[in-house]
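Peer 1:
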Amino acid sequence: MTDTAIHVRRAVQIVAILLALIGAAWLWLFITRWMEARPVRAFHTEVDSLFEAFHKFKEHVGRYPEGANAEIARALVGNNPKKVIILALRKENLNAKGEIVDPWGTPLKIYFADNEVLLRSAGPNKVFEDSKANVGDDYFRSD
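In the working numbering, the protein residues as written are 1 to 143.
1) Roughly how many whole angstroms lie between the Cα atoms of residue 147 and residue 12?
2) Is residue 15 buried or exposed, if buried means 16 or more other CB atoms sit within 10 Å of its CB?
3) Assign residue 106 to one of two classes, buried (16 or more other C-beta atoms within 10 Å of its C-beta) or exposed (fewer than that).
4) Which of helix, strand or coil does DSSP assign to residue 19?
5) Using C-beta distances below 6 Å, list every residue in its chain close to residue 86, excluding the 5 sequence neighbours before and after it, in chain order.
6) Leaving out five residues on either side along the sequence, give the residues of the same chain with a beta carbon under 6 Å from the beta carbon of residue 140.
7) Can you tell me which of 5, 30, 46 and 3 puts its alpha carbon nearest to the alpha carbon of residue 91?
8) Helix, strand or coil for residue 156, going by three-state DSSP, please let me know.
9) Considering just the uninterrupted stretch of the alpha helix (DSSP H) at residue 85, what are its terminal residues?
10) Measure the C-alpha to C-alpha separation of residue 114 and residue 70 and round it to an integer number of angstroms.
11) Which residue's Cα is closest to the Cα of residue 99: 26, 67, 19 and 84?
12) If you draw a straight line from the C-alpha of residue 101 to the C-alpha of residue 25, how long is it?
13) Along the chain, where does the beta strand (DSSP E) that runs through residue 118 open and close?
This is the structure:
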């Protein structure tokens, strides 16, 4: 094998190794970001279920559930004037007080208007920020 052929072969090997390393780094970055976004995806899925449950509650009971978070949760599982079970809440969606929590374990803030529902999550830092916060990670969803 000539010196030129050896250099070309070595260059091809180096390029192949570099491409493999870049591919592995890209895959690691993709998987890391996907894993970090998992609680956010869970939040949106849970909120969609809650919106549906609140509207079914209003349809069957004639109004939205009332009270604080834990009272709202109890109303959804049958503790309401019509004794209708609207939603089976999973244990991981409730804290020890019976409150509906976000994927980070913080109780949701739930607001009702005429025909609308607003849900607020404190987000990953578990703190409800106000407008004075420079950076906030709260999540808001309304239907």
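Virtual Cβ for every residue (Gly too), placed ideally from N, Cα, C. Values in this document were obtained by computation on a predicted structure and should not be read as measured data.
Peer 2: To lay it out plainly:
1) Because residue 147 is not part of the residues shown, which for the chain are 1 to 143, the question remains open.
2) Here the question's residue 15 lines up with position 15 in the sequence shown. Classification of residue 15: exposed, given that the 10 Å Cβ count is below 16.
3) If you number the sequence shown from 1, residue 106 lands on position 106. Buried, since its Cβ has 16 or more Cβ neighbours within 10 Å.
4) Counted from its first residue, the sequence shown places residue 19 at position 19. Reduced to three states, the DSSP call for residue 19 is helix.
5) Indexing the sequence shown from 1 puts residue 86 at position 86. These residues qualify, in order along the chain: 53, 56, 57 and 76.
6) Position 140 of the sequence shown, counting from 1, holds the residue named residue 140. Residues of the same chain with a CB within less than 6 Å of the CB of residue 140, apart from the 5 flanking positions on each side, are 120 in chain order.
7) Counting from 1 along the sequence shown, the entry for residue 91 is found at position 91. Checked all of 5, 30, 46 and 3; the closest Cα to residue 91 is 46.
8) Lying outside 1 to 143, the shown extent of the chain, residue 156 is not represented and no answer is given.
9) Stepping through the sequence shown from its first residue, residue 85 is reached at position 85. No alpha helix (DSSP H) holds residue 85; DSSP gives it neither H nor E.
10) Looking up residue 114 in the sequence shown gives position 114. Looking up residue 70 in the sequence shown gives position 70. Computed Cα separation, rounded: 21 Å.
11) Residue numbering aside, residue 99 sits at position 99 when the sequence shown is read from its first letter. When each option's Cα is compared against that of residue 99, the closest is 67.
12) Counting from 1 along the sequence shown, the entry for residue 101 is found at position 101. Counting from 1 along the sequence shown, the entry for residue 25 is found at position 25. If I take the Cα positions, the gap works out to 35 Å.
13) Counted from its first residue, the sequence shown places residue 118 at position 118. Note, residue 118: beta strand (DSSP E), 117-121.
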